[in-house]
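Structure, as structure tokens:
Chains as they are written, first to last, in my numbering: chain H, 1 to 343; chain A, 1 to 260.
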């Protein structure tokens, strides 16, 4: 009797235990994907020796070349993919709850482009300071978020159609900004920039990786702390206000946190699209709409998704590589159409 | 207890509510009726702190409403608005549990008491069997009951209801107001109902506030306020008022001039 009651509890609403269980399972999955991704590539690495080396062993039987591939090429790239996935997926979940729209996504809202313009301005004008990239990207993301929110908000609130149109306007406007800045660059750099714009995880540095992870940590923590408020806000701001949510404060906090996440991700890897759409959607399908689980599971699931997508991007036509954004868009765009049709 | 003294509310230059006073007492249901644009909903939003009055004061348990935090107001005043459209799938249980938000204690997880209160309210509103269903799978009547259930889950002593029976059929209209009546009687709750349904107001309310153009035209028991003269003055429609043959409360029937 008590057992069926417990079971019904887990179906009806979310508990801390259920959330921890979901996170545990996803963490395991993420570890497997991380390991798998480290082994495959244009040159595949031996399983046991690599596992031994990753676990910190010294005499694992990897050649120095293999050692370099694992630790200098693949691992930083995989870690960056993971950080980018955390940032974009949780930012997407945050925007969706705040804008009351499951179709909201950093790339489609134009927020990624805002961050891209910020990054490019930093590269062109403050190229010698690496920290200027994430800072300017954050500023760009914040500005784009603000503009798209103001444009989307009509008298009846932000309808999905208005929001998507506002996103298109901001995106195209900023795209012309990007083209303009590109013309200021010399020809040799243009190709690498086009690649970067579609999401490029190859050119990371330790400090950039660290900044991305710190931003991811702060952003996810802030979103998670506001998750219960977001549960009410995603059902209507007025209702949320009536139930005790300080709507204005939560809105600003979540906008800033989501912009920080997008800024950090774009500064380190360009605009990887659709991650913020695909991952929260799958998470909601599997675990329900409670933002406490949506944000935590999106962080882990987002990391897994981008690592997987990047593994495909660098192996499918090896030794040549695709931008990771091309793979995520290939998966995300059809899902977007499906969601739009189903509404 | 919630009191409004001479409150005036403006939207820019437009006067929406002009020095209206109102006192919501425990166990009493007060209905606000009046034509569209009379300031009924504005009055309700102002009483909840959603709008700032230009002048006058609102007292909640003898202290100014503005001296309370959003959270404390939500613990003491619950609002039942017309349902918003839900774009995310949430279960009835999750939805009603949202009413416990203002009572959150640490780490943002519901306590056993929150869950128990939610269960009680679901029983009270006869939604127990639907608790695992998704909100957008419910019928209009069931959904409005869930909206009421969420307000009841707050355990607030004051209920403000904004047209809670709009879009509901006869049986569901009565069911909603019967639940409000029961809550008022059992929990010393006071309720304010904004409605367009004069007969429903006559049947369920203890007091009626008649409003027009932001002004209070009359306040009193239903049989004092719902008179042909006052209703004609407010709605510009001739009405016939007689006593309901079964309940004895005033029964209002419009007399349309075009019909013979």
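Every residue gets a Cβ at the ideal spot worked out from N, C-alpha and C, and that includes glycine.
Check	Outcome
Distance between residue 266 (chain H) and residue 136 (chain H) (C-alpha atoms, nearest Å)	10 Å
Within chain H, partners of residue 218 (chain A) - CB distance below 7 Å	None at all; the shortest Cβ gap to chain H is about 28 Å.
Beta-carbon gap between residue 190 (chain A) and residue 158 (chain A) smaller than 9 Å	yes
Cβ-based burial, residue 285 (chain H) [other Cβ within 10 Å; buried from 16]	exposed
Range of the contiguous alpha helix (DSSP H) that encloses residue 267 (chain H)	247–269
Any C-beta of chain D under 9 Å from that of residue 244 (chain H)	Included in the structure are the protein chains H and A, with no chain D among them.
As assigned by DSSP and simplified to three states, the class of residue 63 (chain A)	strand
Neighbour list for residue 167 (chain A) in chain H, Cβ cutoff strictly below 9 Å	Those do not exist, as residue 167 (chain A) stays about 17 Å from chain H at its closest Cβ, beyond 9 Å.
Chain A contacts made by the region 206–230 of chain H, where a contact means CB separation under 8 Å	225, 227, 228, 229
Any C-beta of chain A under 9 Å from that of residue 94 (chain H)	no
Exposure of residue 78 (chain H), with buried meaning 16 or more beta-carbon neighbours within 10 Å	buried
Residue 216 (chain A) - DSSP class collapsed to helix/strand/coil	strand
Residue-level contact to chain A via CB, residue 320 (chain H), 9 Å cutoff	no
Reference residue 15 (chain A), options A:227, A:7, A:192, closest by Cα	A:7
Chain H within 9 Å of residue 14 (chain A), Cβ atoms only	no
Residue-level contact to chain A via CB, residue 150 (chain H), 9 Å cutoff	no
Beta-carbon separation (whole angstroms), residue 235 (chain A) vs residue 35 (chain A), contact threshold 8 Å	6 Å
Boundaries (first-last residue) of the alpha helix (DSSP H) holding residue 87 (chain A)	First-last for residue 87 (chain A): undefined, no H or E at that position.
Proximity test, Cβ basis, 9 Å: residue 172 (chain H) and chain A	no
Bridge partners - residue 232 (chain H), DSSP secondary structure assignment	None, per the DSSP bridge assignment.
Opening and closing residue of the alpha helix (DSSP H) in which residue 346 (chain H) lies	In the structure displayed, chain H extends from 1 to 343; residue 346 (chain H) sits before or after that span and is not available.
Whole-angstrom C-beta distance between residue 150 (chain A) and residue 204 (chain A), which should lie under 8 Å	That belief does not hold up - the Cβ atoms of residue 204 (chain A) and residue 150 (chain A) are roughly 21 Å apart, past 8 Å.
Separation of residue 206 (chain A) from residue 25 (chain A), as counted between CA atoms	10 Å
Contact residues within the region 266–300 of chain H, judged by C-beta distance below 8 Å to chain A	284, 288, 289, 290, 292
Residues near residue 114 (chain A) by beta carbon distance below 6 Å, same chain, minus five either side	100
Residues, ordered as in the chain, of the region 42–66 of chain A that lie near chain H by beta-carbon distance below 9 Å	45, 48, 49, 50
Beta-carbon proximity of residue 118 (chain A) to residue 93 (chain A), cut-off 9 Å	yes
Buried/exposed call for residue 1 (chain H), threshold 16 Cβ in 10 Å	The predicted position of residue 1 (chain H) is uncertain, since its pLDDT is 33 and thus under 50; a value taken from the coordinates is nonetheless stated next. Classification for residue 1 (chain H): exposed.
Short CB-CB distance (under 9 Å) between residue 102 (chain H) and chain A	yes
Residue 176 (chain A) burial status per 10 Å Cβ neighbour count (16 or more: buried)	buried
Residue 22 (chain A) and residue 192 (chain A) closer than 9 Å at C-beta	yes
Residue 203 (chain A) - containing alpha helix (DSSP H), residue span	198–204
Contact belief for residue 220 (chain H) with residue 299 (chain H) at Cβ below 8 Å, rounded distance in angstroms	5 Å
Neighbourhood of residue 232 (chain A) by C-beta distance below 7 Å, restricted to the same chain and skipping five residues each side	238, 239
Exposure of residue 131 (chain H), with buried meaning 16 or more beta-carbon neighbours within 10 Å	exposed
For residue 91 (chain A): DSSP bridge partner residues	A:134
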